[in-house]
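Numbers 10 to 370, taken from my numbering, label the letters of the sequence shown in order.
Taking it in order: structure first as structure tokens, then the write-up.
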Amino acid sequence: MNLRIPGPTPCPPEVLEAMGRQMINHRGPEFKALLMDVLARMKKICQTDGEVLIFTCSGTGGMEAAIVNSITPGDHVLSVTNGSFGDRFAKIADAFGAKTQRLAFEWGQPVDPDAVRKALRDDPQIRVVLTTHNETSTGVTNDLAAIGAAVREFDRLLLVDAVSSLGAIDLPMDKWGCDVVVTGSQKSWMVPPGLAMVAVSQRAWKALDQAKAPRFYWDFQAMKKFQATGETPFTPAISLYFALSVALDAIEKEGFPNVVARHARVAAYARQMVKDLGLVIFPNEAYASNTVTAIRAPEGIEVKSLLKALREQHGVVLAGGQGRLDGSIFRIGHLGYVSEAEMEGVGRALKAVLSQIKAGT
Ligand SMILES: *Cc1c(COP(=O)(O)O)cnc(C)c1O
10 MNLRIPGPTP CPPEVLEAMG RQMINHRGPE FKALLMDVLA RMKKICQTDG EVLIFTCSGT
70 GGMEAAIVNS ITPGDHVLSV TNGSFGDRFA KIADAFGAKT QRLAFEWGQP VDPDAVRKAL
130 RDDPQIRVVL TTHNETSTGV TNDLAAIGAA VREFDRLLLV DAVSSLGAID LPMDKWGCDV
190 VVTGSQKSWM VPPGLAMVAV SQRAWKALDQ AKAPRFYWDF QAMKKFQATG ETPFTPAISL
250 YFALSVALDA IEKEGFPNVV ARHARVAAYA RQMVKDLGLV IFPNEAYASN TVTAIRAPEG
310 IEVKSLLKAL REQHGVVLAG GQGRLDGSIF RIGHLGYVSE AEMEGVGRAL KAVLSQIKAG
370 T
């Protein structure tokens, strides 16, 4: 199968092999060495002087962790959203008692940093700002540097969902003024689902110390304290740490800047391929993502049957639309273990299926 959804993504064979290793004591010297090594290498990719905390959970767990460690119930939170994942971040804040104000942008369009500035000016009580770096549901990458600069002007805490960008799209979090940045193993990292990596800037800790939302499993302070000794508070998904370590070997061997460049190249290839087939890119193309391409459903063609034909006849697995975009777009994931070759395969399959549908067979 050519699995080209925006996560989970295919894993290199050596990463899968690492998953088959025998268990080790998670409070013993081998895990300590593994953890310390992985954390140091993650820190480099996150480009932070702060900490990287790794939780055993999906990406959404990492988002919930970011919220519960940053807010006190009743806090004013600004949720800057332009898609389904941005809306999810807001819902998590709601669930923990924040007074969440939504600054919503049209799906397919980017966040406007000036509107963020205005919202922060209008409500000086806002303590925390939530945003999405790469909105997987629409295929838009927001200008996080500009959003970060706006939030920094007001010295607020910026929490970023970078689940489908970090590791594939450059995100110098300290330089861009991001305080808590969340990613997930099954996206750019070429690792199966199950780990959320949460990077916390050095300057964020003071604000985090004052946040009082209830938390237990997600407690950043506890995780930080344990990780400093080479352990985690609770039993970690050891196999996934094995996998992450091997995936980081591959990323380092290629060179992280080259990984970022490859994603840009493959994404440009995917967009051109789609346009050559007469299809229309869904988002504002100036902000089109380098990890996922969203495409308008071609006139008169049902997305469901398109995806079914691609899967059954060509072994190509693409994603449909989420939420209000269900049925009106489909998406190609091109992140992690991917090159032009796999996109070529997607293009061939799309071409065949589209002409078959047009011919009415
Ligand atoms: C995949 C994804 C998530 C997390 O999803 P999980 O299913 O919880 O891993 C969050 N945000 C974005 C932008 C994503 O692409």
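All C-beta atoms, glycine included, are put in the ideal place defined by N, C-alpha and C.
Rounded straight-line distance, which links the Cα of Ala171 to that of Gln134: Along the sequence shown, read from residue 1 onward, the residue named residue 134 stands at position 125. Along the sequence shown, read from residue 1 onward, the residue named residue 171 stands at position 162. The alpha-carbon atoms of Gln134 and Ala171 are separated by roughly 25 Å.
DSSP three-state assignment for Ser88, whether helix, strand or coil: What you label residue 88 is simply residue 79 of the sequence shown in a count that begins at 1. In this structure, Ser88 counts as strand in the three-state DSSP scheme.
Whole-angstrom distance between Gly345 and Pro19, CA atom to CA atom: Position 10 of the sequence shown holds residue 19. Position 336 of the sequence shown holds residue 345. Distance between the alpha carbons of Pro19 and Gly345: 8 Å.
Limits of the unbroken alpha helix (DSSP H) element including Thr81: Indexing the sequence shown from 1 puts residue 81 at position 72. Thr81 -> no alpha helix (DSSP H), and no H or E assigned at all.
Alpha carbon of Met32 to alpha carbon of Pro15, nearest angstrom: As a working note, residue 32 is residue 23 in the sequence shown. As a working note, residue 15 is residue 6 in the sequence shown. If I take the Cα positions, the gap works out to 30 Å.
Length of the line joining the Cα atoms of Leu316 and Val362: For the purposes of this step, residue 316 is taken as the residue at position 307 of the sequence shown. For the purposes of this step, residue 362 is taken as the residue at position 353 of the sequence shown. Rounded to the nearest angstrom, the two C-alpha atoms are 9 Å apart.
CA-to-CA distance, Ile310 to Glu351, given in whole angstroms: Position 342 of the sequence shown, counted from the start, is the residue given in the question as residue 351. Position 301 of the sequence shown, counted from the start, is the residue given in the question as residue 310. Their backbone Cα atoms lie some 24 Å apart in a straight line.
CB of Ala276 within 8 Å of CB of Asn299, strictly: As a first step, residue 276 is located in the sequence shown; it is residue number 267 there, counting from the start. As a first step, residue 299 is located in the sequence shown; it is residue number 290 there, counting from the start. Taking 8 Å as the Cβ cut-off, Ala276 and Asn299 qualify as a contacting pair.
Cβ distance (whole Å) where Thr141 is taken to contact Thr69 below 8 Å: As a first step, residue 141 is located in the sequence shown; it is residue number 132 there, counting from the start. As a first step, residue 69 is located in the sequence shown; it is residue number 60 there, counting from the start. Contact doesn't hold; Cβ gap of about 13 Å is too wide.
Helix, strand or coil at Gln31 [DSSP, three-state]: For the purposes of this step, residue 31 is identified with residue 22 of the sequence shown, where counting begins at 1. Correct three-state label for Gln31: coil.
Which listed residue (Gln110, Tyr226, Leu166, Pro17) has its alpha carbon closest to that of Ala128: Within the sequence shown, the letter at position 119 stands for residue 128. When only C-alpha atoms are compared, the closest one is Gln110.
Closer than 7 Å: Phe94 CB and nearest ligand 1 heavy atom: Taking the sequence shown and counting its residues from 1, one reaches residue 94 at position 85. Yes.
Nearest to Leu166 (by Cα), restricted to the options Ser173, Val125, Thr147, Gly176: Here residue 166 refers to the residue found at position 157 when the sequence shown is read from its first residue. The residue with the shortest Cα to Cα distance from Leu166 is Val125.
Which of helix, strand or coil DSSP assigns to Gln230: On the sequence shown, residue 230 is found 221 positions in, with the first residue counted as 1. Correct three-state label for Gln230: helix.
Under the three-state DSSP convention, the category Lys196 falls into: Translated into the one-based positions of the sequence shown, residue 196 becomes position 187. Looking at Lys196 - three-state DSSP - the assignment turns out to be coil, as it is neither helix nor strand.
Cβ-based burial, Gly71 [other Cβ within 10 Å; buried from 16]: Walking along the sequence shown from the start, residue 71 turns up at place 62. When all chains shown are included, Gly71 counts as buried.
Buried versus exposed call for Met10 [16 or more other C-beta atoms within 10 Å across all chains shown]: Residue numbering aside, residue 10 sits at position 1 when the sequence shown is read from its first letter. Met10 should be labelled exposed.
In DSSP terms, what Arg340 is bridged to: Translated into positions along the sequence shown, residue 340 becomes position 331. For Arg340, which the question treats as bridged, DSSP gives the partners Ala303, Ala328.
As assigned by DSSP and simplified to three states, the class of Phe64: Numbered from its first residue, the sequence shown carries residue 64 at position 55. Strand at Phe64.
Same chain only: Cβ atoms within 8 Å of Ala231, ignoring 5 sequence neighbours per side: Position 222 of the sequence shown, counted from the start, is the residue given in the question as residue 231. Here the set comprises Pro242.
Status (buried if at least 16 other CB within 10 Å, exposed otherwise) for Phe225: Here residue 225 refers to the residue found at position 216 when the sequence shown is read from its first residue. When all chains shown are included, Phe225 counts as exposed.
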